[in-house]
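Notes follow once the structure below has been shown.
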């Protein structure tokens, strides 16, 4: 993994760009220039293999790279044992997270179903756009505000840079139908 010093030196032009061998993203700021350079290299490799990554396709692919880096960071964090947790506590946390994931998947499936059913209505263009939004944000864009557990309610709020108040309002609009 890249250190803050390496990233700072890179940002100032002091060292060359990161490489995939070894793969060392900077986890503290997923969208930093360092990781942007990794994304560019990844896209360049795919382009060299014959895939078309010009213009919007390149920008979209870079955003996609960042999203997956964030997901990978989260997964690594969940798998890193904490010294102050017992094995049972770590297992309980993993079980709770699994329940949250199942709930998020269920919510998104329900939202997609709502949008798909509305595609035959006169305002189908709006519902098609909402469906595309759901596809774009995947379950990472879902917050599991209230997931019931036998012992307590769990509240998980995810603050994503691209998850705006307007997106929340659109998701609430879908849920209201």
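Residue numbers (the numbering used here): 112 to 288.
Even for Gly, the Cβ is constructed at its ideal location relative to N, Cα and C.
Model, not experiment: these values are computed from the prediction.
Contact between the segment 186-205 and the segment 156-174 is defined here as three or more beta-carbon pairs at a separation below 8 Å; is this criterion met? no
Extent of the continuous alpha helix (DSSP H) run through residue 147: 144-159
For the alpha helix (DSSP H) that residue 222 lies in, which residues bound it at each end? 198-228
For a test of the three-state rule: what should DSSP assign to residue 128, helix, strand or coil? coil
Where residue 191 sits in the DSSP three-state scheme: coil
Closest to residue 113 by C-alpha separation, out of 130, 279, 124, would be which residue? 130
So what's residue 264 in DSSP terms, helix, strand or just coil? In this predicted model, residue 264 has a pLDDT of only 42, less than 50, meaning its place in the structure is not dependable enough to derive any value.
Check whether the segment 114-127 and the segment 137-147 touch, using three or more Cβ-Cβ pairs below 8 Å as the test. yes
Leaving aside the five residues before and after residue 164 along the sequence, list all residues of the same chain whose C-beta is less than 7 Å from its C-beta, in chain order. 154, 157, 158, 172
Roughly how many angstroms lie between the CA atoms of residue 211 and residue 124, to the nearest whole one? 42 Å
Along the alpha helix (DSSP H) that carries residue 243, what are the first and last residues, could you check? 235-248
How would you write the range of the alpha helix (DSSP H) that residue 284 sits in, first residue to last? 276-286
List the endpoints of the continuous alpha helix (DSSP H) containing residue 121. 115-122
Does residue 219 pass the burial test, meaning 16 or more other C-beta atoms within 10 Å, or should it be called exposed? buried
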